[in-house]
Structure formats: structure tokens, C-alpha cells
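**Q** First the structure, which I've put down as C-alpha cells, then a few questions once you've had a look.
Protein chains in written order, with our numbering: chain A, 1 to 113; chain B, 1001 to 1117.
As C-alpha cells, then:
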């Protein structure tokens, strides 16, 4: 069974903390993505990576950075967490070919207090 | 820029009713891909169906069917004989084509479907 696994389901962090969200996929996919989900806004792309050490900004990259040192692992970093980053974060992966769906992790609900 | 609009925020139906979820999209690409995903209360998005821009044939898969019309930029999704287990948030999404961007999705706002027994 193919899988995208996110390290935590729930996280509570304090304002100003550095936060790491980890994601691992076992499908040998080239592409990996981090989305943020907020009510009424759907999912918005934060960053994506199309190869090891390669990344591109999505629609809302401000306040975030990413790291992809290995093909299977993609990390989202909040350098200094703020309350407006309280949200559901979803990781996804896909092949780099046409008409391919993305596979999603179970999500991490982050609360910044 | 790509955009996906799901005008229905919430839909409530009684079991066994048919329900159609609307999706309208905007893109300048001539080749693109459309998807429907389901997000049950567990949180994980589950892929349901896909359609590419050069194939307007509408299909039925079990209780699911979809109506893709390029002329109106719409990709509507129908669940026939709804069941309580269909209760979830449904997302329509649009994918870019070309190069490294496959799988990169623009999502609609989501439609919350509640099916009552």
C-alpha cells in the first residue's frame, strides 16, 4: 500500500519557536508538495520540490522554508512560528508525468499559541 | 494564473438522493488535468477521479459520474444514491502540465457534503 506519512497528527507550539514538519513517501516519487488548508480557502500550495535539493515557491511561501536532502523526505520549516500559521498542513507526492494524481498524507494540525 | 471555484460551500442531502458537486475552473493552458478528491473526517485526501483536457467523454464509475465541459470550463461530479459514508469535504483541483509541474494542484475552496440517514 503506497504511503505518504507525516510525522505528527497534532502539534502545539509557542509563538517564536522553530517548527519542523516532516513528510516521508515510499513511492519513489520525484515531486513532493506542502499545502496549507484553511476553512473556506481550500488547500494552498506553500512549496514544492521536483528533485533532491530543488524547490520552488508556491502561492504562500512567506514565513516558511523547506528542505529536501533525500528523495523520500520533504520537510517544512517554520523559522519563527506565529499564531497566523495555525492551520492544517498536508504533504503530498506525485510522479513527474502527465495525468498523474497526487497522494496525500494524513495531515498535521498545528496550533501556535 | 489558474483558479478553481466551487460555489457550493455546504450541501445537505438525505441518504439515497443523488447529489451533484459543481466545479468551474480557469486556466490559460491548452493541456491540463482535472481531479476530484474526497477528504473524510480522518483528514487524508483521497483521489476519486481525473480527466484530461483533451478528453471530454463523460464517464460513470460505480456510484460516481462526472461531466466535463470545456465550453463552460466546468467539471461537475455526481454521486448517485448517496450514502452516509459519502459525508466528507470534496475538492476539485486543476493540475498544470509540462516539465516538473505535474501533480502541482490548484484547489477549489471545497464543498462540505453531509448525507443524513
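Glycine residues also receive a C-beta, built at the ideal position from the N, C-alpha and C atoms. Since the structure is predicted, the reported quantities are computational estimates derived from the model, not experimental observations.
(1) Only counting the same chain, and skipping five residues up and downstream in sequence, which positions put a Cβ closer than 7 Å to that of residue 87 of chain A?
(2) Quick check on DSSP: helix, strand or coil for residue 25 of chain A?
(3) Would you mind stating whether residue 1019 of chain B and residue 1005 of chain B have Cβ atoms separated by less than 7 Å?
(4) Secondary structure at residue 84 of chain A, three-state DSSP: helix, strand or coil?
(5) Can the beta-carbon of residue 1100 of chain B be found closer than 7 Å to that of residue 64 of chain A?
(6) Give every residue of the same chain whose Cβ lies closer than 7 Å to the Cβ of residue 1115 of chain B, excluding the five residues on either side of it in the sequence, and list them in chain order.
(7) Can you tell me whether residue 1038 of chain B is buried or exposed? The criterion is at least 16 other CB atoms within 10 Å of its CB, across all chains shown.
(8) Any C-beta of chain A sitting closer than 7 Å to the C-beta of residue 1075 of chain B?
(9) Should residue 10 of chain A be labelled buried (16 or more other beta-carbon atoms within 10 Å of its own) or exposed?
(10) Whole angstroms are fine: how far does the CA of residue 1102 of chain B sit from the CA of residue 47 of chain A?
(11) Whose Cβ in chain B lies nearer than 7 Å to the Cβ of residue 57 of chain A?
**A** Quick answer:
(1) For this step, residue 87 of chain A is matched to residue 87 along the first chain. The residues are 36, 37, 38 and 110.
(2) Numbered from 1 along the first chain, position 25 holds the residue referred to as residue 25 of chain A. Residue 25 of chain A: strand per DSSP, three-state reduction.
(3) Indexing the second chain from 1 puts residue 1019 of chain B at position 19. Indexing the second chain from 1 puts residue 1005 of chain B at position 5. No.
(4) Your numbering for residue 84 of chain A matches position 84 in the first chain. Residue state, collapsed to three classes: helix.
(5) Translated into the one-based positions of the second chain, residue 1100 of chain B becomes position 100. Translated into the one-based positions of the first chain, residue 64 of chain A becomes position 64. Taking 7 Å as the Cβ cut-off, residue 1100 of chain B and residue 64 of chain A do not qualify as a contacting pair.
(6) Counting from 1 along the second chain, the entry for residue 1115 of chain B is found at position 115. Result list for residue 1115 of chain B: 1013, 1015, 1082, 1083, 1084, 1086 and 1087, in chain order.
(7) Locating residue 1038 of chain B in the second chain gives position 38, counting from the first residue. It is buried - the Cβ of residue 1038 of chain B has at least 16 other Cβ atoms within 10 Å.
(8) Your numbering for residue 1075 of chain B matches position 75 in the second chain. No, residue 1075 of chain B lies away from the interface with chain A (no Cβ there is under 7 Å from its Cβ).
(9) By one-based count along the first chain, residue 10 of chain A stands at place 10. Classification for residue 10 of chain A: exposed.
(10) Counting from one through the first chain, the residue named residue 47 of chain A turns up at place 47. Counting from one through the second chain, the residue named residue 1102 of chain B turns up at place 102. If you take the alpha carbons of residue 47 of chain A and residue 1102 of chain B, they lie about 14 Å apart.
(11) Residue 57 of chain A sits at position 57 when you count from the first residue of the first chain. What residue 57 of chain A touches in chain B: nothing, since even the nearest Cβ is about 12 Å away.
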